[in-house]
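Okay, so here's the structure we're looking at.
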Amino acid sequence: MLDLLRSYLGSTLTPGQANNQLWALIYVLIIFAGVSVAVMTMNWVERKALAHFQVRLGPMRVGPHGLLQPIADAIKLLIKEDIIPSEADKFVFWIAPLIGLLASFTVYTVVPFGPSQAVSDMNIGILFMLGVSSLAVLGVVMAGWASNSHYPLIGALRSSAQMVSYEVAMGLAVVSAILMTSLHGLGLYGVSKFGDGTGTLSMIGIVQAQQEQHVWFLFKFFPLGFMAFGIFAIAMIAETNRAPFDLPEAESELTAGYHTEYSGLRWSLFMLAEYAAMIAVSSIAVTLWLGGWMRPFPNWLSGSAWDLVFSLFAGLTFVALAVIAFVGVVRMPRHSYFRVQTIGLAGFGLLLALIGILLLGIVIGAKVSHHDILNRTTEGMTNVYWFLFKVAVFMYLYIWYRATWPRYRFDQLMRVGWKVMLPVSLGVLIVTAIVGVILG
Amino acid sequence: MNAQADPENALTNLDLETSERPHLDSNELIINMGPQHPATHGVLRVILRLDGEKVLGTECVIGYLHRGVEKIGENRTYTMFNPYVDRMDYVAAVSNGLGYCQTVEKLLNVEAPPRANYVRVILTELNRIASHQLWLGTHALDIGAMTPLFYTFRDREEILKIFEKYCGARLTTHAFRIGGCQYETYRGFEKEVKNYLQYLAPHIDEYEELLTTNRIWLERTKKVGVISAADAIALGVTGPVLRASGVKWDIRKAQPYANYSAFDFDIPTGENGDTYDRYLVRMAEMRQSLRIIEQAVNGIPEGPIMAKVPKVIKPPVGEVYHSIEAPKGELGYFIVSDGSTQPYRVRVRPPSFVNLQALDIMVRGLLVADVVAVIGTLDIVLGEVDR
Amino acid sequence: MTPVATPFFFYLLSGLAIAGGLLVITRRNAIHSALALIVTLLAIAGLYLMLYAPFVAGVQIIVYAGGIMVLFLFVIMLVSLERTAKERQFNRMWPVGLLAGCSLLALFMSVYAKGKGLFVERGPQLPESENTQQIGIMLYGEAGRMGQYTFAFEIASLLLLVAILGAVIMAKKRI
Amino acid sequence: MTEEPKSSLPPPAPAPPKPAAPAKPAGPVPVPWTSALAEKYQARHGSSLEALTYLGQNYFVVDRSLIPGMLQLLRDEDQFDYCVDITAVHYPKREKQFDVLWVLYSFVRNERIRVKTQIADGESLPSVVRIWPTANWLEREVYDMFGIKFDGHPDLKRILLPDGWKGHPLRKDYSILQQDQEWVQINLGIESGQ
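Protein chains in written order, with our numbering: chain W, 1 to 440; chain Y, 441 to 827; chain D, 828 to 1002; chain H, 1003 to 1196.
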């Protein structure tokens, strides 16, 4: 067992490349559990952050500061009655949430959390991601149609039109990023002449291309990379049906859109799929434009000292969270009613602190002992941390958008999609190609 | 996906045959919006006839909240009926009470003392702000912006606290009595109102910051639900909706009551009569209300707060129509007295009811999402529509 | 990555594709047919993957399953289904159709039987990672050289552009 | 304005105190209204029209026969372009049981007048929807509450009460506790709505 662990931690390949099915399976399980936990965390964070945007407290009752609220919600949804409308198309109604869920979880097979921290590195990675995530719309459409009710049907019509339209602009933005993998022109930050001039569709390859060219594609051919990223960042909100593009489930117009007739577990599967899809598209954006797992300024702040500093961040984040939790413990009212909550929050803080200390310990241990496995673990941990950190920024942006903006109307959404985003992304693609050829 | 309407709900009063029939025989969709729908602000049922998402026609089905207020009025004494009027436009209960009390005072031919009028103006204007705040929050929520709702409710809460301190109730206040006000102001009333004025002005800026120049808000509200001044007058639309169409008419100025002539304020008007103008007009009205309150609270005279009215109110035989500018428009009371202790007939002219009639012409040709926006911008309260 | 249980997956995917195809023509409900068609398309994408053509598989999923089928569903949902569900499934032409189908099958069989030598036992072992690049070279050519299919590709895209313009003009009442 | 409403169940109101209030001077009474507007219409219609004013509020009492024409003139010639309200009052003891009122306002003149006419039960009135579109719902409400029919109304049906309800609640012979039991049983499936 230990050998097995060592063989993996010492490996520089993804389980797919190493053809290690056992590790691939373990990875899939880790990702599945991780995404589920992330969705629950996101649920809590969204409610709390949104609440604070809106001068209220958000969940406060279940657990200290509502920390156990997602669990309470999950239990409630699990034991709720699963209502299938009598006029519904039962089979399609039953299968629709599963399709959505399947699509948004399958995407994670190719998400590169690090150079070797991915289930598999597919040659067509980004294409696979786009393809599979485009299947998610089928779940929405089927749900809306199978409910045999007007509001879900309108929701489904809206979402199919919306997702198909924004996929076009999104795809073109992605293509211009892929184009950049093969073009070694002037980056905003310096010139580079690495690689053989062949582009790649592989997710890991795209990040490696950014590594080799010493520039995040966000800043490459400024402002072209920026524009492509902007298009993607807008389209991905539309793809995931989030505010301000949440028309398919606009609750003030369509009560709840395509999942109006759903309840209990099935409804929660839709929510799970939606949040999983949000994390997935954010990871695409991070991979394509924000340098994936790379830490900030790998070239400018290079050297082993800086490496150490940046690898300490993971542990420090947990320590900081622990400190916040302890501040919460201190500020908890001194009253017997709050005793259990106080102890719980202290325990939670302790857990966070322990994780933080463990991570810091690994980093420092690696620095001190130069043990190969510790070094590799540090490296992997740092990579995964920075990747997740960037994704988390996107998740926060999702919440921010939701708190700030009203909802677009359908025709405006379509107009933005076809008359603004599509021409701009096409233009960016063409100009990127021209600039690349001239400078390359 | 059944496109056939059941005959009972057929849109009989619409001339759909002549207006835009779709070229292709696409399926028309009949959608029942409400009575249980998150955006209809109560139990309003709107039957929408759609081509895709485009609205071909609407029919409002109202009356779900009908309680027979006018009938109740005929069976209660003048004094006993006073709290009932609070239950019509329950977000602007103070205005309702003011209109009723003044009508009965007119019938009795008595005048409320000056101090009472000042207190009435302060409370009514505070209530107008509260009503507009509730409108803004729910309207923005309908259009998808959730945050303003919580901002406005936070600030409305302070108004309700003042009401609660003054008369013990927050929503259905029953603040006024026939002949004045029953209660003297509590100690610190003026200070609290002044503090509130200081507090609210920057907060209105805050609402505006979120919405007034927000691109999506502009796109969702500009040129949506346009009603011309001529149409608005023909349909009897009043209040901010009429003013947003460019008619500078406010009963507080046109036929001043309750000492409004003593205060200096403007009537904000719009130009285009669209949802955005109505939004701007109401926002400006909140600021004007602040001005009025400031003048009133500074000039509040000493003296009795209740005129001399008999214990048993028995107005002489006669009939009177009196109307005030409620937050939603012209709120009129027509009371017939037969000389007894009970009104012979009480008629309420509800602004929401009449304004709701304009929904149909405002939403034709728009999309479903706009229906929600237009219902919001009309600022109806179903308790008043149905009475 | 060496493939696992190749025959098993081949038969599974082929079976899925055929079953989906049968369901498409036998289901009364058009939505069910469309869903069955999606199954078929996905199974075929899987077969492409087994042929070391991941790019084609990916495009198959994006374009057919994710794009075209969604539009199919969109249109079907707008059309009233009550009437079609009650109609006869197959019209009187079914013997002709059956005959045509059988002759097509016979043609395939005979081609397979006669030209058995053309089908090598194992397909060309292109490395998986080269596939996408190969397609790119075929379509666009390498540096300084036109690709084998560049001209045909551009003609096809021009044709599609014309088709799009035609569709827009026909659909739009006034421009 | 003669009688207490005939109500089968008296309202649960406390009886007014027995010792009669000190005799008040009789209230103001309607007096003839003199103005250019009143004179104009009096000259035109003569005895079928009365112009009165009460507590500063002016109104015309007109014969039913004047109804659509005079309202049309008021809007067209005298700019009463805003129909504030339409309502009715029921006097069951009278021969002509209903007073029907139009409350009008003119933005230009900043003036409010009422036009009042009397009709008997079962008589109908011409609709003014063509003159003021706002009359649509207001007339429907009068029909709903009093059963007064308006000829030429595009869609005269109940508005506040459900379709199929029997009776018109604001008539004086309709008790405050009365309801359409049959409707309640059929549509709500309960014995009584009370």
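Just so you know, even glycine gets a beta-carbon here, dropped at the ideal spot from N, CA and C. Because the structure is a prediction, the values reported are computed rather than measured.
Please look up how many angstroms separate the CB atoms of residue i and residue j, rounded, as I've assumed it's under 8 Å.
i        : j        : result
Leu441/W : Asn123/W : Nothing about residue 441/W can be reported from this structure: the residues present for chain W run from 1 to 440 only.
Leu807/Y : Arg409/W : 6 Å
Val140/W : Gly100/W : 6 Å
Trp44/W  : Ala243/W : Not a contact, Cβ separation roughly 18 Å.
Pro553/Y : Gly620/Y : 6 Å
For residue i, which residues in chain Y fall below 8 Å Cβ to Cβ?
i       : result
Phe53/W : Thr587
Asp89/W : Correct list: empty, because the minimum Cβ distance to chain Y is about 12 Å.
Cβ closer than 9 Å: which chain H residues qualify as neighbours of residue i?
i        : result
Val794/Y : Val1086, Asp1087, Thr1136, Trp1139, Leu1140
According to the neighbour-count rule (16 or more other Cβ atoms, all chains shown, within 10 Å of its Cβ), is residue i buried or exposed?
i         : result
Val191/W  : Unreliable positioning characterises Val191/W in this predicted model, as indicated by a pLDDT of 43, which lies under 50. A coordinate reading is not provided.
Asn299/W  : exposed
Gly829/Y  : Since the first residue of chain Y shown is 441 and the last is 827, residue 829/Y is not available in this structure.
Cys386/Y  : Here chain Y covers residues 441 to 827 and nothing more, so residue 386/Y does not appear.
Asn654/Y  : buried
Gly676/Y  : buried
Asp1153/H : exposed
Would you check whether the ligand PLP has a heavy atom nearer than 8 Å to the C-beta of residue i?
i        : result
Ile667/Y : Because no ligand of any kind appears in the structure shown, any question about the ligand PLP cannot be addressed here.
How many Å lie between residue i and residue j at the Cα?
i         : j         : result
Gly893/D  : Ser133/W  : 8 Å
Tyr166/W  : Leu130/W  : 12 Å
Ile357/W  : Leu351/W  : 10 Å
Arg789/Y  : Met236/W  : 51 Å
Arg461/Y  : Trp145/W  : For Arg461/Y, the predicted structure reports a pLDDT of 42, less than 50, and the residue's modelled location is therefore unreliable. A value from the coordinates is still provided. Answer to the nearest angstrom: the Cα atoms are 26 Å apart.
Ile425/Y  : Asp1083/H : Nothing about residue 425/Y can be read from this structure; chain Y reaches only from 441 to 827.
Leu1162/H : Thr109/W  : 60 Å
Ala1122/H : Glu648/Y  : 56 Å
Pro1024/H : Arg727/Y  : Because the pLDDT at Pro1024/H is just 45, under 50, the model does not fix this residue reliably, and the value given afterwards should be weighed accordingly. Near 48 Å, if we compare the C-alpha coordinates of Arg727/Y and Pro1024/H.
Ser382/W  : Gly427/W  : As written in the sequence, residue 382/W is Thr, which differs from the Ser given in the question. Near 37 Å, if we compare the C-alpha coordinates of Gly427/W and Thr382/W.
Thr828/Y  : Asp582/Y  : Nothing can be reported for residue 828/Y: it is not among the residues displayed for chain Y, which extend from 441 to 827.
Asp810/Y  : Gly665/Y  : 8 Å
Pro333/W  : Glu624/Y  : 40 Å
Tyr838/D  : Leu926/D  : 26 Å
Pro791/Y  : Leu1140/H : 12 Å
Gly344/W  : Arg47/W   : 20 Å
Phe603/Y  : Thr564/Y  : 10 Å
Leu272/W  : Phe326/W  : 30 Å
Glu770/Y  : Thr587/Y  : 30 Å
Residue i versus chain W: which residues are under 7 Å apart at the beta carbon?
i        : result
Thr959/D : Asn123, Ile124, Leu201
His477/Y : Thr255
Phe836/D : Within chain W, no residue comes near Phe836/D; the closest Cβ sits about 14 Å away, beyond 7 Å.
Leu469/Y : His150
Check the Cβ of residue i against every Cβ in chain D and list those closer than 7 Å, keeping chain order.
i        : result
Gly131/W : Gly885, Ile888, Ile889, Gly893
Can you list the residues of chain H that residue i reaches, using a CB-CB cut of under 7 Å?
i        : result
Ala694/Y : Asn1112
Glu510/Y : Leu1172
Trp689/Y : Phe1109
Name, please, each residue of chain Y whose Cβ falls closer than 9 Å to the Cβ of residue i.
i         : result
Arg1116/H : Glu759, Tyr761, Phe774
Determine the chain W residues that contact residue i at a beta-carbon separation under 9 Å, and present them in chain order.
i        : result
Tyr591/Y : Gln54, Val55
Asp491/Y : Result: empty, since nearest Cβ-Cβ is about 12 Å, beyond 9 Å.
Just the chain W side, please: which residues come within less than 8 Å of residue i by C-beta, in chain order?
i        : result
Phe899/D : Going along chain W, no residue has its Cβ under 8 Å from Phe899/D, so there is no contact; the nearest lies around 10 Å.
Taking the DSSP output, what are the residues bridged to residue i?
i         : result
Arg489/Y  : Ile470/Y, Gly497/Y
Cys1085/H : Leu1106/H
Ile1115/H : Asn1060/H, Leu1106/H
Gly772/Y  : Ser763/Y, Arg789/Y
Lys1151/H : Ser1126/H
Can you name the residues of chain D whose CB is closer than 8 Å to the CB of residue i?
i        : result
Val137/W : Gly893, Val897
Give a yes or no on whether 9 Å exceeds the smallest Cβ distance from residue i to chain A.
i         : result
Ile1161/H : Of the protein chains in this structure, namely W, Y, D and H, none is chain A.
Can you pull the chain D residues whose beta carbon is under 9 Å from the beta carbon of residue i, in chain order?
i        : result
Trp145/W : Ile858, Leu900, Ile903, Met904
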